[in-house]
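Protein sequences appear in the order of chains X and B. Here this note's numbering is used: the first residue of the first sequence is 65, the next is one more, and so on. Here this note's numbering is used: the first residue of the second sequence is -2, the next is one more, and so on. Beta carbons are placed, not taken as given, at the ideal position from N, Cα and C, and that holds for glycine. Here the structure is laid out as structure tokens; the discussion comes afterwards.
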Amino acid sequence: MSEPEPAVQPVWPFDIGIVGTGIVGTHQLTREAEEVIRRCKRTFVIDSGYGIPEYLATLSPEVTELGVFYEPGQDRLPTYRRMAAEVVAAAVADAPVCLATYGHPWVYCYPTTLITRAASLLDLHVEVFPGISAFDTLLVDLGIDIALSGVQMYEATDLLLRRRPIQNDVTCIVWQPTVVGDPTYRPEPYTVDQFEPLQEYLLRFYPAEHEAAIVTTKTYPLTRSVVQRLQLGELAAELEQAPQVGTLYIPPLTERPVEDTELLEVMLAAES
Amino acid sequence: MLDDFKQALARVQSDYGFYIDCQANPAMALAGYDLSVDERSALSDPEKLGGLLRGGIGISKLPSITIKISGTHDWVNRTRPKKTTTNMEEVELDSQIAAEVAAIGRADTSEGRTAAAVRLMELIG
């Protein structure tokens, strides 16, 4: 007699396992991610961090670096398609395979989306395993807890494209400000003009003297993260000088007052 | 010397005790490595090492790009306003997708399978 089909598909076995390698080298690779890599026949890696592919090679019988598909000055979309195609094609030929990607697989990682879409068409079972994301390390770099004012996060170019409204009483994190408005991989530095639209847009919500910070998170264990304080009115000039990496952190300008005083009384009464 | 420097950098990734020793007692940790003065000091000076790694010192086979959302573009929301598609267009797209799915299954070489998978990706994302 055969086993009855479970109502919910179990995690194992799968055809494609997608794991995050974290931000700071192999030290943030989870035990779960290591097990996935060990148990897959082949691992594809999107992570240019020094020593990462070498370390993965100690876990996996075959490691293929997908970073070679990046081309300076070229749009990244065809690169992502090629990366996803490599993984899917390998899974069709000889599953299970693993994709090990920088950070967290569902945090700004388009190949995960493409692979998941394709897998449903090809009847492949995909499982995604979380990694330590850039957001996680950012909180450590800044030493903040998002519980007090909440948090809003936008990608810099997307912020401008859609004119997304910003709540200036909520912590704001802007990803990729150092490459705003450029869809390509470009090794050369930008001029200040590249960053002025972002500065102008942010100044609709904050005064020029509001203090913010550009955070450059460490990506190798022996280095340190850098938190560069600045006033938003100087943002474009500071980004021109900044390395081509970094995230913009803008603390709240004001504190939103309590509206529901009855609920506040209930909450305070419970404390006493 | 550069080879020993690379080996020390790689060991930091795989040997957590060595990573701690590089900070707590770098002279002892690095005693067995043939390093220049600059290389030795970089391994115990986070700022100096950060500069070396950012600048590229021939330690990676890959281009010196950092793939992450706090770095060069790895993501952009390409969603455009929805355009109305006719039933005919949807049927045509579904048919193209089905053809590429079949091509992936049919391919008898790795190159052929990957090429069909790339065409599928172009249709779905």
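| Check | Outcome |
| --- | --- |
| I think Y114/X touches Y313/X, with their Cβ atoms under 8 angstroms apart; what is that distance to the nearest whole Å? | Actually they are not in contact, since the Cβ atoms of Y114/X and Y313/X sit about 26 angstroms apart, beyond 8 angstroms. |
| Taking the beta strand (DSSP E) that Q295/X falls in, what are its first and last residues? | 290 to 295 |
| Closest to L212/X by CA distance: which of T176/X, E219/X, P307/X, E319/X is it? | E319/X |
| Kindly list the residues whose CB is nearer than 8 angstroms to the CB of T235/X, restricted to its own chain and excluding five residues on each side of it in sequence; keep chain order. | I208, I210, S213, G214, V215, Q216, Y313, I314, P315, P316 |
| Might you give, ordered along the chain, the residues of its own chain that have their beta carbon closer than 6 angstroms to the beta carbon of T128/X, omitting 5 neighbours on each side? | F108 |
| So, using beta-carbon positions, are V291/X and L206/X closer together than 8 angstroms? | yes |
| What does DSSP give as the partner residue(s) for V132/X in the beta ladder? | None; V132/X has no bridge partner. |
| With a threshold of 8 angstroms between beta carbons, is G122/B in contact with chain X? | yes |
| How should T255/X be labelled, buried or exposed, when 16 other C-beta atoms within 10 angstroms of its C-beta is the threshold for buried? | exposed |
| Answer yes or no: do G102/B and R181/X have a C-beta to C-beta separation smaller than 8 angstroms? | no |
| Taking DSSP as the reference, what is the three-state secondary structure of V190/X? | strand |
| Please list the partners that T82/B has in chain X, where partner means a Cβ-to-Cβ separation under 8 angstroms. | Within 8 angstroms Cβ-Cβ: nothing; T82/B doesn't reach chain X, min ~17 angstroms. |
| Are three or more beta carbon pairs between the segment 73 to 89 of chain X and the segment 183 to 200 of chain X nearer than 8 angstroms? | yes |
| Leaving out the 5 sequence neighbours to the left and right, which residues in its chain are closer than 7 angstroms to A272/X when beta-carbon positions are compared? | Q295, L296, G297 |
| Closest to W239/X by C-alpha separation, out of A121/X, D222/X, R228/X, Q231/X, would be which residue? | D222/X |
| Just to confirm before moving on: does the CB-CB distance between T287/X and G47/B stay below 8 angstroms? | yes |
| I'd like to know whether the C-beta atoms of L186/X and V152/X end up nearer to each other than 8 angstroms. | yes |
| In angstroms, rounded to a whole number, what distance separates the CA positions of A277/X and R226/X? | 23 angstroms |
| Leaving aside the five residues before and after Q20/B along the sequence, list all residues of the same chain whose C-beta is less than 8 angstroms from its C-beta, in chain order. | S41 |
| Please work out which residues of its chain come closer than 6 angstroms, Cβ to Cβ, to Y30/B, disregarding the five sequence neighbours upstream and downstream, and give them in chain order. | D1, A5 |
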